[in-house]
Amino acid sequence: MHTTIDGLTLSSRPFAGNRLLTILTAERGLIPAFANRASAPRSRLAASSEALVYARFVLFSHRGRTTVDKADVNRIFFGIREDYIKLCLASYFAQLSAELLTQDEPAGEPLRLMLNALHHLETGSRSPTLLKPLFELRLLTLTGFMPDLVGCRYCHEYEAEGFYFFPKEGDIACTSCCAVHTPMGGRPLSLGVLAAMRHIIYSPVERLFSFSLTGPAIDELDKISEHFLLFKAERSFPSLDLYKSSAI
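Under numbering that gives the first Met the number 0, the sequence shown has 195 at position 196, and the numbering climbs by one with no breaks.
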């Protein structure tokens, strides 16, 4: 059976003389597909079989195996490929998506998040240091790990003089309640960073990228977001280590 579908190639690796692609699509989530002889000279699938390429694929499925019959490239994101730090961060986004998303489940919002993040990364309209925690928190939200930042876990206060964030529970507690209940494992959370986190997880997709942070607040957001993600994912990511080493 043939299917025509738009998708972003998250990964591409050699497999028995061909290439095995992991394609992120809105309709079917992750699709593993074989691109036969994609590495051969003058292959018509060469460009579309690279990671971080958005293309229209014609897929053929038979007996549980999917192959790429044809592909027309929509966007290659050249500006990312020409910058090592951007490429490392984009690869991390792709690895996260491949880890947290599944096959045969609609993934329209995660695909849109990925494409928008790559666009802002390529054009430089948002800095990599801001895009990283934004992407982490929003993807966690879309895949069932949304933290509860509405109010203090004890008194339900939305606004207070200060809060702590608890990665294990994925919630917050105000400083006054923490002094009484003394919960373990909390990280101090400034009000500016809390506002940014609320924007990232609760805002409509059209406004997702319309905020800014500067200086120490970006570093605070980055550390809290990464800690929360690694706790929920229960694994490390080589692409994250590569990005962090490249950004030094």
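We put the beta carbon where it would ideally sit given N, CA and C, even for glycine. Fair warning: this is a prediction, and the values are worked out from it, not measured in the lab.
Next item on the list: Indicate whether residue 114 and residue 199 have their beta-carbon atoms separated by less than 8 Å.
Entry: no
Item checked: Whole-angstrom distance between residue 156 and residue 173, CA atom to CA atom -> 8 Å
Checklist line | Where residue 53 falls: helix, strand or coil (DSSP) | finding: strand
Check: What's the call for residue 85, buried or exposed, on a 16-neighbour Cβ count within 10 Å?
Finding: buried
Margin query: Just verifying my parser: in three-state terms, what is the DSSP assignment at residue 70?
Written below: strand
Notebook entry, point to check: So what does residue 172 bridge to, in DSSP terms?
Noted result: 163
Next item on the list: Write down the C-beta distance between residue 176 and residue 185 rounded to the nearest angstrom, noting that I regard them as a contact closer than 8 Å.
Entry: Going by Cβ atoms, the distance from residue 176 to residue 185 rounds to 11 Å, so no, they are not a contact pair.
Check: Taking the C-alpha atoms as reference points, what is the distance between residue 108 and residue 102?
Finding: 15 Å
Margin query: Here's a check: name, in chain order, each residue in its chain whose Cβ is nearer than 6 Å to the Cβ of residue 8, leaving out the five neighbours to either side.
Written below: 20, 22, 50, 52
Note to self: Can you find the residues in the same chain that come closer than 6 Å, C-beta to C-beta, to residue 3, ignoring five residues on each side of it along the sequence?
What the structure shows: 57
Note to self: With three or more C-beta pairs closer than 8 Å as the rule, is the segment 186-193 touching the segment 147-165?
What the structure shows: yes
Check: Is it buried or exposed for residue 242, if we count other Cβ within 10 angstroms and need 16 for buried?
Finding: buried
Note to self: Let's test the definition: count the other Cβ atoms within 10 Å of the Cβ of residue 170 and tell me whether it reaches 16, buried, or not, exposed.
What the structure shows: buried
Next item on the list: Take residue 233 as the anchor and find which of 59, 246, 167, 68 has the nearest alpha-carbon.
Entry: 167
Next item on the list: To the nearest angstrom, report how far apart residue 64 and residue 80 are at their CA atoms.
Entry: 30 Å
Next item on the list: Leaving out five residues on either side along the sequence, give the residues of the same chain with a beta carbon under 6 Å from the beta carbon of residue 224.
Entry: 132, 135, 136
Next item on the list: Grab me the residues of residue 128's own chain with a C-beta within less than 6 Å of its C-beta, minus the 5 sequence neighbours each way, in chain order.
Entry: 217
Check: Beta carbon of residue 105, beta carbon of residue 219: below 8 Å?
Finding: no
Notebook entry, point to check: Would residue 14 be called buried (16 or more neighbouring beta carbons within 10 Å of its own) or exposed?
Noted result: exposed
Next item on the list: Any chance you could list the alpha helix (DSSP H) runs of at least 4 consecutive residues sitting entirely within the segment 79-112, in chain order?
Entry: 83-99
Item checked: Paired residues, beta bridge with residue 13 - DSSP -> 18
Check: Alpha carbon to alpha carbon, what distance is there between residue 240 and residue 209?
Finding: 28 Å
Note to self: Tell me which residue opens and which closes the beta strand (DSSP E) that residue 133 is part of.
What the structure shows: Taken as a continuous stretch (DSSP letters only), residue 133 belongs to no beta strand (DSSP E), being part of the alpha helix (DSSP H) at 127-141.
Check: By DSSP, does residue 29 sit in helix, in strand, or in coil?
Finding: strand
Checklist line | Segments of 4+ residues assigned as alpha helix (DSSP H) that fall wholly inside the segment 193-247 | finding: 215-232, 237-245
Next item on the list: Take residue 73 as the anchor and find which of 47, 95, 96 has the nearest alpha-carbon.
Entry: 47
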